[in-house]
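In our numbering, the protein residues as written are 61 to 192.
These notes are about the structure you will find just below.
As structure tokens, this is what we get:
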């Protein structure tokens, strides 16, 4: 329990996903795992926000059995926000083509000989224009 907690508190979702993809884990699995990690963190922040808002309204949100009486005041808004967040995530995934045939990765341009020649010529022209 503690090792699991410490691992996820000290490892960013991006670092974990990069490591898992490099180890050969399926991208869909890696995405679901890292999205879940981020989803939990967002929901924890929302619980705190809702709890503070309900306390400001005079609803005594507290722990223990007495707090169960006011559980719907916390759970209702949290469920609504969780569904809204999941819907936004689904729309974003669909807009970015997640799950479409053919894997797409972030484009990492590499300089070719033509690029080097173009840069050298551009720098030479700029130097000549400044000097002349």
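All C-beta atoms in this analysis are idealised placements derived from N, C-alpha and C, irrespective of residue type, glycine included.
Residue i burial status per 10 Å Cβ neighbour count (16 or more: buried)
{"i": "residue 180", "result": "exposed"}
{"i": "residue 29", "result": "Any property of residue 29 remains undetermined from this structure, which presents the chain solely from 61 to 192."}
{"i": "residue 190", "result": "exposed"}
{"i": "residue 110", "result": "buried"}
Pairwise C-alpha distance: residue j and residue i
{"i": "residue 184", "j": "residue 89", "result": "50 Å"}
{"i": "residue 129", "j": "residue 135", "result": "11 Å"}
{"i": "residue 80", "j": "residue 94", "result": "10 Å"}
{"i": "residue 192", "j": "residue 178", "result": "21 Å"}
{"i": "residue 171", "j": "residue 113", "result": "54 Å"}
{"i": "residue 84", "j": "residue 77", "result": "11 Å"}
{"i": "residue 144", "j": "residue 62", "result": "31 Å"}
{"i": "residue 137", "j": "residue 100", "result": "16 Å"}
{"i": "residue 146", "j": "residue 159", "result": "17 Å"}
{"i": "residue 176", "j": "residue 186", "result": "15 Å"}
{"i": "residue 115", "j": "residue 68", "result": "30 Å"}
{"i": "residue 153", "j": "residue 105", "result": "23 Å"}
{"i": "residue 82", "j": "residue 75", "result": "11 Å"}
{"i": "residue 132", "j": "residue 161", "result": "42 Å"}
{"i": "residue 122", "j": "residue 86", "result": "42 Å"}
Simplified DSSP state of residue i, which is helix, strand or coil
{"i": "residue 171", "result": "coil"}
{"i": "residue 71", "result": "coil"}
{"i": "residue 154", "result": "helix"}
{"i": "residue 119", "result": "coil"}
{"i": "residue 137", "result": "helix"}
{"i": "residue 160", "result": "coil"}
{"i": "residue 83", "result": "coil"}
Residue range of the unbroken alpha helix (DSSP H) whose run includes residue i
{"i": "residue 130", "result": "Careful: residue 130 lies outside any alpha helix (DSSP H) and carries neither H nor E."}
{"i": "residue 192", "result": "Taken as a continuous stretch (DSSP letters only), residue 192 belongs to no alpha helix (DSSP H), as it is neither H nor E."}
Chain B contact for residue i (CB, 7 Å cutoff)
{"i": "residue 116", "result": "Of the protein chains in the structure, only one exists, and it is not chain B."}
Own chain residues within Cβ distance below 6 Å of residue i, not counting five before or after
{"i": "residue 97", "result": "73"}
{"i": "residue 102", "result": "none"}
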